[in-house]
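A.B. asks:
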Amino acid sequence: MLPRAFVQEEGQGRMEPEMRDLRDALVARGVPVELFTAKRLERRQLPLTRDTLVAGYVPSVLGALKQLGIEAPPTNDYPKCLAPFLHRRMWTSTVRQLTARLLDMSSPPVFAKPVGRRKRFTGHVFHTSGDMLFLERASASTPLVCSDVVTWLSESRVFVVRGSIVGIRHYAGDAAVSVDEATVREAVRMLEASGEATAGYGVDFGVLATGETALVEWNDGFSLGSYGLEREAYLELTVARWRELTGVGGSTYGPASAS
């Protein structure tokens, strides 16, 4: 049972929909909830414990883990076991190498994004030297992951808790074009069997112009966009991942009598 939960707000009652859903679900479970701002957390004004949930933006959750003496989890946008589901060529590079590619007018366009959480720019399709504006805040040695440019007809997030899919939500493209659920289930099964899965996560899949269901990327289960996932499922996922990160066992997140 969670003795308490801290949920991030932006101040003056402004909250992201995901944080509002978590607060409401926790309150419905009888869990005491305290709203906090990033500034309060940074000033170490929250009485954090490992069994007290902290939900908020990525910097806040990582900051809470640091205060608890817990190392930030590694990023794993493209799990090795899911390589068969990429359906596109991917490789590692650097900003320096990407810049040289852009100056070569004969090079085809490429999708690139920084590796890790300290992203100096968001994922972008680079085609001409004019696109180098997106690289202004990144050093030449910044590591990148690149891929061939493909056409996505639609994209959806698959939410998984302890190996079970608890929801699929469309978030981009044509909502009438659905991912192949058999492919998604097989990918989740392979991920769970590989040991690369976490207790709670979201894995994005899309439908390519070829009609294939392909992996977009994997997302860790904290500070995860819900895209309207039912609040109870979202709470279960968030708590499962927090307990795993903090090393607190058990799966009950409401009063002991709750089921």
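Residues in the sequence shown are numbered consecutively from 23, following the working numbering.
Note that CB positions come from ideal geometry on N, CA and C, so glycine has one too.
Assess contact between the stretch 135-151 and the stretch 184-204, defined as three or more Cβ pairs (one per stretch) separated by less than 8 Å. Is contact present?
C.D. replies: Contact between the stretch 135-151 and the stretch 184-204 is absent, because fewer than three Cβ pairs lie under 8 Å.
A.B. asks: Quick one: measure Cβ to Cβ for LEU166 and VAL137, integer angstroms, because I've assumed they're closer than 8 Å.
C.D. replies: That pair is a contact at about 6 Å.
A.B. asks: Skipping 5 residues on each side, what residues in its chain have a beta carbon closer than 6 Å to that of GLY33?
C.D. replies: Hits under 6 Å: THR59.
A.B. asks: Looking only at its chain, what residues have a beta carbon closer than 8 Å to the beta carbon of ALA262, apart from the 5 residues adjacent to it on each side?
C.D. replies: So the qualifying residues of the chain are VAL183, ARG184, ALA221, GLY222, GLY243 and SER273.
A.B. asks: Between the C-alpha atoms of SER169 and ASP43, what's the straight-line distance to the nearest angstrom?
C.D. replies: Their Cα atoms are separated by approximately 35 Å.
A.B. asks: Assuming VAL55 and ALA27 make a contact with CB atoms under 8 Å, what is their CB distance in whole Å?
C.D. replies: Correct: roughly 5 Å between the Cβ atoms.
A.B. asks: Taking HIS109 and ALA236 to be in contact with their CB atoms under 8 Å, please state how far apart those CB atoms are, rounded to whole angstroms.
C.D. replies: About 4 Å; that satisfies the 8 Å criterion.
A.B. asks: Return the residue from the list TYR249, GLU254, THR116 and ARG265 that minimises the CA-CA distance to ASP46.
C.D. replies: Nearest option by C-alpha distance: GLU254.
A.B. asks: Please check the pair PRO132 and LEU157, which I expect to be a contact at CB under 8 Å, by giving their CB distance rounded to whole angstroms.
C.D. replies: Correcting the residue type first, residue 132 is Val in the shown sequence and not Pro. With 8 Å as the limit, VAL132 and LEU157 do not qualify as a contact, their Cβ atoms being about 13 Å apart.
A.B. asks: Going by beta carbon distance, what residues of the same chain come within less than 6 Å of LEU48, once the five residues before and after it are set aside?
C.D. replies: Result list for LEU48: ALA27 and VAL55, in chain order.
A.B. asks: By how many angstroms is the C-alpha of THR232 removed from the C-alpha of ASP126?
C.D. replies: Between ASP126 and THR232, the C-alpha separation is close to 29 Å.
A.B. asks: Just verifying my parser: in three-state terms, what is the DSSP assignment at PHE227?
C.D. replies: If DSSP states are grouped into helix, strand and coil, PHE227 belongs with the strands.
A.B. asks: Might you give, ordered along the chain, the residues of its own chain that have their beta carbon closer than 6 Å to the beta carbon of VAL80, omitting 5 neighbours on each side?
C.D. replies: If we look at VAL80 and ignore the five residues flanking it on each side, its Cβ neighbours are SER245.
A.B. asks: Should GLY189 and GLU266 be called a contact, given that it needs their Cβ atoms to be closer than 8 Å?
C.D. replies: No, they are not a contact pair.
A.B. asks: I need the DSSP call for VAL261, collapsed to helix, strand or coil.
C.D. replies: Three-state DSSP puts VAL261 in a helix.
A.B. asks: May I ask you to check if the CB of ARG36 is nearer than 7 Å to at least one heavy atom of the ligand ATP?
C.D. replies: Of ligands this structure carries none, so the ligand ATP is not represented either.
A.B. asks: Taking 8 Å as the threshold (C-beta atoms), are VAL238 and GLY247 in contact?
C.D. replies: Contact: no.
A.B. asks: Distance check for PRO69 and ARG36, CA to CA, integer angstroms please.
C.D. replies: Cα to Cα, the separation comes out at about 22 Å.
A.B. asks: Pull up the CB-CB distance for GLU177 and ASP226, whole angstroms please, since I reckon it's below 8 Å.
C.D. replies: Yes, they are in contact, since the Cβ atoms of GLU177 and ASP226 sit about 6 Å apart, within 8 Å.
A.B. asks: Could you please give the first and the last residue of the uninterrupted beta strand (DSSP E) stretch that includes PRO54?
C.D. replies: Element bounds for PRO54: n/a, residue is neither H nor E.
A.B. asks: Quick one: grab the DSSP three-state call for GLY189.
C.D. replies: Strand at GLY189.
A.B. asks: Could you say which of VAL180, LEU175, VAL171 and LYS135 lies nearest to ARG159 if we only look at CA atoms?
C.D. replies: Answer by Cα proximity: LYS135.
A.B. asks: Within the continuous alpha helix (DSSP H) that includes LYS141, where are the two ends?
C.D. replies: Element bounds for LYS141: n/a, residue is neither H nor E.
A.B. asks: What do you get for GLN67, buried or exposed, if any count of 16 or more other CB atoms within 10 angstroms of its CB means buried?
C.D. replies: It is exposed - the Cβ of GLN67 has fewer than 16 other Cβ atoms within 10 Å.
A.B. asks: How close, in whole Å, do the beta carbons of THR268 and LEU90 come, if the pair is a contact with beta carbons under 8 Å?
C.D. replies: Their Cβ separation, rounded to whole angstroms, is 7 Å, which keeps THR268 and LEU90 in contact under 8 Å.
A.B. asks: What does DSSP give as the partner residue(s) for PRO136 in the beta ladder?
C.D. replies: Paired residues: LEU166.
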